Amino acid sequence: MNAVPSVPMRHARMSAVEKRHERLVQLLILAALALLVPAMTKSLSWADDVGVLPFKPRDYTLLTLAAAGVMVMLNRPSICPPAFLMLLVPLLRVLDATFLQRFTITALGDHSIVVMSLLSNFLVTFTTVLLLSTESWRRVAMWVAVCTSLVCAGCVYYEWLGFEKFTRIDGRMAGFPEDPNDPPIIISLMLAVMFTLNRRFWWNVALIAVVSPAIALTLSRSGMAVYSCLLFCYMVGNLRQHYAGMLLIVAVSVPLAIGGIAILSETSTKVGIVTNKDTADRLKAIYELDFERIKSPERGKDLQDGWEAAGKKPMWGHGTGAGTSVWKPHNQVVSLWIDIGIFGPLLYVSTLFLLTFRSLALKFRGFYCLVPLWLFVPCSQILVESPHYWFTAAVCCNLVFSGRFRLVLNSPAKAAARPHTPLPQS
């Protein structure tokens with residue numbers, strides 16, 4: 014006769030199982046941070062460019078990709094199919110550039126370098142969505158969002174203090190991405206994830222306070238506009254629960270904003286005693302909310318040229334890379350149309366519309382993620398190549414689609430059939 018284990022022994026076994034599961038979750042988070050934070054903030058590519066990286070970025074990426082994949086398998090993955098179907102658009106661009114090669118890019122020396130870059134971005138993006146296919150995906154997403162935001166803002170502050178120069182445009186801070194328009198996109202997408210998953214209002218406000226000056230230092234007109242819309246939506250969504258807190262935030266932030274604008278006007282618009290007119294006009298248009306001046310005439314001309322290029326080959330496009338290296342319309346829909354034809358933007362916009370429809374049907378679930386996903390479309394042409402963009406889209410997709418497919422390594426053992434026991438009356 015088998016002895017029945019005592020209650021303390023059962024509790025000890027359950028505790029051991031829970032500890033093992035928690036360790037696996039922590040390792041999953043570490044793998045996600047090691048892969049995604051350097052990729053999203055572009056710190057890995059910057060370190061390689063300046064020669065401070067002791068190994069090749071390719072080797073680091075492959076190692077962290079493998080580690081992330083293993084940790085996902087050990088954390089009981091459950092696949093959300095729509096999240097992976099969203100990646101058809103970047104996959105089509107990779108296949109077009111790799112096999113069809115309808116457009117050749119030699120800016121980096123050889124077309125194969127561009128192909129490897131696209132393939133690397135797609136592998137990281139695929140693994141990004143895969144990391145959100147576990148039971149603990151919310152914890153993974155919040156850790157990645159917070160760390161990415163802090164690193165992206167921190168490198169902007171580091172540059173502003175004069176310790177390093179990253180930017181390619183004088184008078185504007187950029188951090189590791191080197192393009193001043195990238196940090197607002199990255200930070201806005203990460204904040205949207207935090208607003209969606211983190212219910213603690215004051216923790217989110219603290220994160221806003223830390224990263225907002227970094228966005229201001231970039232002097233990105235489109236970035237500031239989208240960031241302001243995201244904050245407005247978040248404040249409106251929490252106005253009823255935190256009305257008194259909103260008044261306190263306004264009372265504190267308005268004087269700080271005025272002082273910050275004065276400092277930027279004095280430090281960012283001059284080089285020695287010479288006034289940088291472009292930076293001064295950009296800053297004035299931002300804090301005066303002059304939308305006519307916020308619009309860039311150069312970008313308007315680029316967009317017009319992009320529409321004309323799309324009209325020349327509307328069905329199949331000119332080939333992957335044409336929309337980002339020749340015409341540069343600063344519009345994701347037009348850029349996709351130039352690259353892979355009309356079916357690319359149709360598939361891309363249909364995905365966003367589907368997420369929006371599901372969000373509205375579920376009482377605005379995941380709505381904060383949709384704000385930057387939509388608003389950055391007319392501002393950037395490299396969203397589909399950015400892992401942070403699909404990271405936010407995958408978070409929204411996991412919230413609005415509840416269906417999952419569980420992956421198991423072995424099937425559960427079937428219970429042994431009990432022998433037939435005769436009835437008492439027989």
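Everything in the sequence shown is counted per the working numbering, starting at 14 for the first residue and increasing by one. For glycine and all other residues, C-beta sits at the position ideal for the given N, C-alpha and C. Here the structure is a predicted model, which means the values were calculated and not measured.
Distance between R212 and Y247, taken at the CA atoms: about 12 angstroms. In this chain, R417 is not harboured by any alpha helix (DSSP H), its DSSP state being neither H nor E. Its chain contains K69, P70 as the residues whose beta carbon lies nearer than 8 angstroms to that of D61, once the 5 sequence neighbours on both sides are disregarded; these appear in chain order.
For the region 337–382, the continuous alpha helix (DSSP H) assignments of 4+ residues that do not extend past its boundaries occur at 345–353, 356–374, in sequence order. Looking from the CA of V127, the closest CA among T141, D109, T140 belongs to D109. By the criterion of at least three beta-carbon pairs nearer than 8 angstroms, the region 224–242 is not in contact with the region 256–265.
Contact annotation, I199 with H343: C-beta distance approximately 17 angstroms; criterion of less than 8 angstroms not satisfied.
Approximately 24 angstroms separates the beta-carbon atoms of C168 and V384; this is outside 8 angstroms, ruling out the contact. Within the region 69–129, the runs of alpha helix (DSSP H) at least 4 residues long that lie entirely inside it are, in chain order, 70–87, 94–98, 101–108. Between the alpha carbons of L368 and C410 lies a gap of roughly 7 angstroms.
In the three-state reduction of the DSSP assignment, C168 falls in the helix class, which pools H, G and I.
If you draw a straight line from the Cα of R185 to the Cα of Q39, it is about 37 angstroms long. Collapsing the DSSP output to three states places F214 in a helix.
Taking C-beta atoms under 8 angstroms as the contact rule, T140 and A81 qualify, at a distance of about 5 angstroms.
Spatial neighbours of P51 in its own chain (CB-CB distance under 7 angstroms, excluding positions within 5 residues in sequence) are listed in chain order as L57. Scanning G313, P391, V107 for the CA closest to the CA of Q345 turns up P391. Using a Cβ-Cβ distance cut-off of 8 angstroms, the region 176–193 and the region 213–221 are not in contact, since fewer than three pairs of beta carbons, one from each stretch, lie closer than that value.
Between V157 and A45, the gap from beta carbon to beta carbon is short of 9 angstroms. With distances taken between CA atoms, S149 lies nearest to N88 out of N194, E172, N88, L373.
Non-local beta-carbon contacts of M259 in its own chain, meaning distances under 7 angstroms to residues more than five positions away in sequence, involve M248, L252 in chain order. Here DSSP, grouped into helix, strand and coil, assigns A227 to helix. In this structure, S393 sits away from M53, with a CB-CB distance that is not shorter than 9 angstroms.
The beta carbons of A323 and G334 sit no closer together than 9 angstroms.
Nearest Cα to K341 within the set G332, R312, L360: R312.
A straight-line Cα-Cα distance of about 57 angstroms links W320 and E31.
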